[in-house]
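A.B. asks: In the numbering used here, the protein residues as written are 473 to 537.
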Amino acid sequence: NNGNYSPRLKKKIYDNPQVGCINGLAVYGPNLGTVLDIEVSAVHAAKGKGVITVTGIVDEEEIGG
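In structure tokens form, the structure reads like this:
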């Protein structure tokens, strides 16, 4: 018997909120998805001088390109 099985990973979603941490959802194939750990930080910037920096792997369609 040789099935086309994929392991199911279980991620822990915390009951209590944590500052700078959220959960995201991702689709990565037909009928496949996962929970993403997303972390953010912010620092004060002068008016009109703020920037957004995205790190990691980001697909073009995810940023509206």
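Beta carbons: idealized from backbone N, C-alpha and C, even for Gly.
Note that this is a predicted model, so its numbers are computed, not measured.
Going by the beta-carbon positions, is the gap between G496 and L508 smaller than 8 Å?
C.D. replies: Position 24 of the sequence shown, counted from the start, is the residue given in the question as residue 496. Position 36 of the sequence shown, counted from the start, is the residue given in the question as residue 508. Taking 8 Å as the Cβ cut-off, G496 and L508 qualify as a contacting pair.
A.B. asks: Using only alpha-carbon positions, find the residue among G522, V512, L504 and N476 that is nearest to C493.
C.D. replies: Taking the sequence shown and counting its residues from 1, one reaches residue 493 at position 21. That would be V512, whose Cα lies nearest to the Cα of C493.
A.B. asks: Can you tell me which of the three DSSP states G492 falls into?
C.D. replies: For this step, residue 492 is matched to residue 20 along the sequence shown. DSSP places G492 in coil when its eight states are reduced to three.
A.B. asks: With a Cβ-Cβ cutoff of 8 Å, do A514 and G505 count as a contact?
C.D. replies: Here residue 514 refers to the residue found at position 42 when the sequence shown is read from its first residue. Here residue 505 refers to the residue found at position 33 when the sequence shown is read from its first residue. For A514 and G505, no; Cβs fall outside 8 Å.
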